[in-house]
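Numbering (the numbering used here), first residue to last: 1 to 396.
Presented below is the structure to which this report refers.
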Ligand SMILES: *Cc1c(COP(=O)(O)O)cnc(C)c1O
């Protein structure tokens, strides 16, 4: 290998700390150390030869470690500002593995309008293992404090929440958690580290469904976790290996490929989402619009303190389940589907899709009404998206 590649990496004199957009491209493993290849190789191997039986190799078996996955894990740790990153087969694999930090008899405090799959995991699966959860409105600090029990071990937050986009004050809850010896965990799927870095606000563990904005192309299912410190990182690593919830090499590569454009995609989609929310809020045939960037959003001030943007997801209530179904059948541009955070816009119907696993009365209590739609704004022209939604609303 020529020297020029080396000096580019080594770099003297010292450069100032990289800005986030630069870290997205220059994250440490962007150039293959062995060959100079412009992307990390896909190490499609389950096992690794022991050249010297007295000195075991760095990688020995791909459940325990794989160089492609490792590059991704280091990448997300850099982006979130944490000590260690871990990659999982899905967002739910990251979340369920993290919950294995807890034991029978433990209690957790959880955002009430948490992702439907997290709700199902807690209420139907972990409950069988005697891990108990109390769901609270995290915008109500008194309610969070009141949920504390002697056996409480963690606070699990999701902000903005899904799909009603309520904002939790991350640094306040993280500080309270620390004072009470609780772990603080955040599902950061909606904001991504581009807009929000919870570890910098005192949070212990950040989780992602990387299937969404991080991957960004609706073509890979993946989950990521980032631990604030080394000991927590080691505990999660132990669980990842022990449970076998790892992400494969091909998907690790594809996810990195998607993540490199995170900044460009988020910035574009957010400008469009602001326009869409503004347009919706001026219509009189819409009952409610939920977007943290709207001046009347109750969490806007906190959002502006802890994030650098409002994200690309807008929820709105068209009045009834009947009308919601009409709109879904009449839009021509967005994908009508579960999921969010992709290059294409995705219109979803929480009551029948992401939150179908929540009983109807619980759903209604949490503001997930039958007329609620969730629009994840993609990279299309916003004028086209609005024109399409306008014709669908007019005819519904
Ligand atoms: C999609 C999603 C999940 C689950 O992730 P999968 O990759 O589908 O397993 C968890 N949390 C949030 C906020 C999500 O949107």
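Cβ coordinates follow ideal geometry from the N, Cα and C atoms, glycine included.
What are the residues that DSSP puts in a beta bridge with residue i?
{"i": "residue 209", "result": "223"}
{"i": "residue 184", "result": "155"}
{"i": "residue 65", "result": "Residue 65 pairs with nothing; no bridge assigned."}
{"i": "residue 132", "result": "107"}
{"i": "residue 87", "result": "224"}
{"i": "residue 102", "result": "Answer by DSSP bridge pairing: none, since residue 102 is not bridged."}
{"i": "residue 346", "result": "335 and 376"}
{"i": "residue 288", "result": "317"}
{"i": "residue 47", "result": "61"}
{"i": "residue 246", "result": "88"}
For ligand 1, I want to know if residue i counts as a neighbour, meaning its beta carbon is within less than 7 angstroms of at least one of the ligand's heavy atoms.
{"i": "residue 162", "result": "yes"}
{"i": "residue 345", "result": "no"}
{"i": "residue 187", "result": "yes"}
{"i": "residue 376", "result": "no"}
{"i": "residue 209", "result": "yes"}
{"i": "residue 118", "result": "yes"}
{"i": "residue 112", "result": "no"}
{"i": "residue 214", "result": "no"}
{"i": "residue 349", "result": "no"}
{"i": "residue 95", "result": "yes"}
{"i": "residue 244", "result": "no"}
{"i": "residue 223", "result": "yes"}
{"i": "residue 269", "result": "no"}
{"i": "residue 398", "result": "Because residue 398 is not part of the residues shown, which for the chain are 1 to 396, the question remains open."}
{"i": "residue 195", "result": "no"}
{"i": "residue 340", "result": "yes"}
{"i": "residue 403", "result": "In this structure the chain extends from 1 to 396, so residue 403 is not present and cannot be described."}
{"i": "residue 99", "result": "no"}
For residue i, I'd like the list of residues in its chain whose CB is within less than 6 angstroms of its CB, leaving aside the five on either flank, ordered along the chain.
{"i": "residue 314", "result": "273, 276, 277, 291 and 375"}
{"i": "residue 113", "result": "161, 164 and 366"}
Can you tell me whether residue i is buried or exposed? The criterion is at least 16 other CB atoms within 10 Å of its CB, across all chains shown.
{"i": "residue 53", "result": "exposed"}
{"i": "residue 392", "result": "buried"}
{"i": "residue 384", "result": "exposed"}
{"i": "residue 240", "result": "buried"}
{"i": "residue 8", "result": "Residue placement at residue 8 is flagged as unreliable, the pLDDT there being 44, under the threshold of 50; a coordinate-derived value is accordingly withheld."}
{"i": "residue 44", "result": "exposed"}
{"i": "residue 283", "result": "exposed"}
{"i": "residue 312", "result": "buried"}
{"i": "residue 51", "result": "exposed"}
{"i": "residue 193", "result": "buried"}
{"i": "residue 5", "result": "Residue placement at residue 5 is poorly supported in this model, since its pLDDT is 38, which falls under 50; the coordinates are not used for a value here."}
{"i": "residue 381", "result": "exposed"}
{"i": "residue 306", "result": "buried"}
{"i": "residue 251", "result": "buried"}
{"i": "residue 49", "result": "exposed"}
{"i": "residue 295", "result": "exposed"}
How big is the Cα-Cα spacing for residue i and residue j?
{"i": "residue 127", "j": "residue 115", "result": "17 angstroms"}
{"i": "residue 378", "j": "residue 338", "result": "14 angstroms"}
{"i": "residue 79", "j": "residue 72", "result": "11 angstroms"}
{"i": "residue 310", "j": "residue 213", "result": "14 angstroms"}
{"i": "residue 93", "j": "residue 245", "result": "6 angstroms"}
{"i": "residue 335", "j": "residue 187", "result": "24 angstroms"}
{"i": "residue 14", "j": "residue 85", "result": "26 angstroms"}
{"i": "residue 151", "j": "residue 82", "result": "27 angstroms"}
{"i": "residue 254", "j": "residue 17", "result": "27 angstroms"}
{"i": "residue 211", "j": "residue 346", "result": "13 angstroms"}
{"i": "residue 149", "j": "residue 327", "result": "45 angstroms"}
{"i": "residue 56", "j": "residue 65", "result": "13 angstroms"}
{"i": "residue 301", "j": "residue 168", "result": "11 angstroms"}
Please work out which residues of its chain come closer than 7 angstroms, Cβ to Cβ, to residue i, disregarding the five sequence neighbours upstream and downstream, and give them in chain order.
{"i": "residue 174", "result": "184, 201, 202 and 203"}
{"i": "residue 122", "result": "110 and 133"}
Excluding the five sequence neighbours on either side, which residues of its own chain have a C-beta within less than 8 angstroms of the C-beta of residue i, listed in chain order?
{"i": "residue 216", "result": "258, 259, 261, 262, 265, 341, 342 and 343"}
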